[in-house]
Amino acid sequence: MDISEIYKIIYKQNLRISTDTRSIEDNSVFVALKGENFDGNAFAKKALSKGAKLVFVDDKKYSDLENVIYVPDTLKMIQELAVYHRDKFQIPFIAITGSNGKTTTKELVNSVLLEKYKTHCTKGNLNNHIGVPLTILSIQTDTEMAIIEMGANHKGEIDFLCKISKPNYGYITNFGRAHLEGFGNLEGVIEGKSELYNFLKNNSAKVFVNTADETQNTILSKKGIIDIIPFGPDSNTDINLENIDPFVSVNYLGKIIKSNLIGSYNFYNISAAIAIGEHFGLSFEQIKDGIQKYFPTNNRSQVLKKEDLEIILDAYNANPSSMEIALSSLSNQSDVVLILGDMAELGSFSEEEHQKLVFLIEQRNFHKTYLLGDQFFKTNITKPNIYKYRDIENLKSDLKNDYFSNKKIFIKGSRSMKLEELIHIF
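So in UniProt numbering, the last spot in the sequence shown is 426, and the numbers never skip.
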């Protein structure tokens, strides 16, 4: 059975593809994928019992069940199905990648474009070799714009995702010291993320670029990419930072747009959404409404108020670049309590990068700093009011016994540190 036949079976019946039995509905097709710690084939019978119309497996011992179809490789199947489905659309496909800010930017862009178009965008951060195909396969026929987030921690991954999604527009938020374990070094990060630029150039597609980012300007120049849509300095897009209180306000076309995002670093994420909205013909009011309707979720730059405390929860992800940018954006440092967790996927750079961050903290005047994780615990601390912990329970205990009044609590770390568990303490 080839991909076109499988596609007809699924889409003629208007079935929804699922890879998780917990999301099975009456109109579902269950595709059994394998992971490091699970084998979806083992859930074939459960998927059928929950109402799946069809099940695709790549283990023959499950193929004798009724309404079960065997294919040699289920992951390859959904990737090829995604390409087949993508080719049926003649609409803008906007690919967004980068070391920091790609999910926020994707959500902002979607919120803006929704003011004029029927859009479809990546849910959450389902941005890998499984998430991107599933995102594409869920695009409905009346969709007018697709926004696809792409993540990577090794070279070659962005190129692979481009071949599946075939973007005709692209934007790279920035290049930072993230996923160094997989990319090897910053140069590896730049090379890996720039695979999007290579694809766009080779396919005569357009690049949105923040001209304030000299690294991007240099790379685009070296690659000979001239089909760009610029915003920032020396461009025709009139966007300026207006204020941070702590939420970012921008001045666009001489008028103010107030966002629900904190930190100066979000200015460029907002600017990208404005520039993309402008390019696709949205009015000022439509762009303004789209920006102002977006509220961060999922532990990303969320601001919580508890009595006289302001808590900033940014505990979904962390890397050296995003940590440094976040710390530099914190004003009135003597009123700030830092709670930071280890940064993951740094490989041989981990010890050095965690120590660099401690040095940076020691140069500031934060009220108190709490550091959590094995990597931070190895660092050398020379200044008072900086405390380190291996275990989150010990940290919780000390936070409960401490007293904070009229303070800003800033919480950031990699997802694996589960720092959101600390919120209920305050």
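Yeah, the Cβ is synthetic: ideal placement off N, Cα and C, and Gly gets one too.
None of these values were measured; they are calculated from a predicted model.
Proximity winner among the options, relative to residue i (alpha-carbon distances)
i	options	result
V303	I411, G290 and A52	I411
V57	T215, L48, S264 and V31	V31
A326	S4, T379 and L261	L261
N236	I9, H367, I423 and H279	H279
Q13	E5, D335 and H367	E5
N217	G232, A205 and S204	G232
D238	I78, N210 and Y265	N210
N298	D2, K123 and K396	K123
F160	T379, K378, F199 and I339	F199
D402	H367, T379, H120 and N380	H367
T215	S165, I409 and G98	G98
D374	E324, I392 and T382	I392
H129	I164, K53 and N41	I164
G263	G188, M323, D227 and G156	M323
N125	I96, T141 and K118	I96
I139	F93, K60 and K53	F93
residue 427	A318, R22, F89 and N110	For residue 427 there is no data in the structure shown, the boundaries of the chain being 1 and 426.
A318	Q333, H354 and L395	H354
Residue i beta carbon near the ligand NAD (any heavy atom closer than 7 Å)
i	result
F199	In terms of ligand content, the structure shown is empty, and the ligand NAD therefore cannot be addressed.
Which residues DSSP lists as bridging residue i, in chain order
i	result
H129	None, per the DSSP bridge assignment.
R16	S28
K258	S249
V68	V55
C121	I147
Y171	I96 and F208
G341	L372
E36	Looking at the DSSP assignment, E36 forms no beta bridge with any residue, so it has no partner.
L75	According to DSSP, L75 bridges with nothing at all.
I136	BP columns for I136 are empty, so no partner.
N110	Answer is none; N110 lacks a bridge partner.
K412	D314 and L340
I239	Y252
I244	V248
Q333	In DSSP, Q333 forms no bridge with anything.
Cβ neighbours of residue i in the same chain (closer than 6 Å, five flanking residues each side left out)
i	result
A344	S414 and S416
G182	N153 and H154
M77	V71
T74	V31, A32, L33, F56 and D58
L313	N299, Q302 and I411
L338	F366, T369 and F410
K102	I96, E149 and T173
Spatial distance of residue i from residue j (CA atoms)
i	j	result
K329	P320	Looking at the sequence itself, residue 329 is Ser, so the reference to Lys does not match. Rounded to whole angstroms, S329 to P320 spans 14 Å at the Cα level.
E149	T173	11 Å
G35	L134	16 Å
N27	D213	46 Å
Q363	P384	12 Å
L220	Y387	44 Å
E25	S259	37 Å
F359	G341	16 Å
K45	L65	8 Å
L81	N127	17 Å
F208	Y316	26 Å
T55	P167	The amino acid occupying residue 55 in the given sequence is Val; Thr does not appear at that position. If you take the alpha carbons of V55 and P167, they lie about 30 Å apart.
A146	H120	5 Å
K407	E351	30 Å
P230	K206	10 Å
K418	H179	19 Å
K356	Q79	41 Å
I335	N100	Here residue 335 is Asp; the residue named in the question, Ile, does not match the sequence. So the alpha carbons of these two residues sit roughly 26 Å apart.
E157	Y7	25 Å
Y171	E310	33 Å
L196	V189	12 Å
K305	S397	22 Å
T379	E421	24 Å
A42	S405	53 Å
D245	K288	18 Å
Own chain residues within Cβ distance below 8 Å of residue i, not counting five before or after
i	result
E307	none
F267	L241, V248 and V250
F284	Y252, L253 and K255
Q286	V112, E115, K116 and G277
G281	K116
I91	T143, E144, M145 and A146
S204	D227
Proximal residues to residue i (C-beta, below 7 Å), its chain only, five neighbours per side dropped
i	result
L108	N269, I270, A273, I291 and Y294
residue 428	The chain is shown only over 1 to 426; residue 428 falls outside these bounds and no answer can be derived.
K201	K223 and I225
K400	I425
K68	The identity of residue 68 in the sequence shown is Val, whereas the question assumes Lys. The answer, listed in chain order, is A44, V55, V57 and Y62.
I381	V358 and K388
Contact with chain D by residue i, beta-carbon distance below 8 Å
i	result
S194	As a matter of chain content, chain D is missing from the structure shown, which is built from one protein chain.
Runs of beta strand (DSSP E) wholly within the segment 176-233 (minimum 3 residues, chain order): 206-210 and 228-231
Considering only residues of the segment 375-406, which uninterrupted beta strand (DSSP E) runs meet the minimum length of 3 residues and lie entirely inside it, listed in chain order? 386-389
Quick one: complete alpha helix (DSSP H) runs, 4+ long, within the segment 258-299? 266-279 and 284-293
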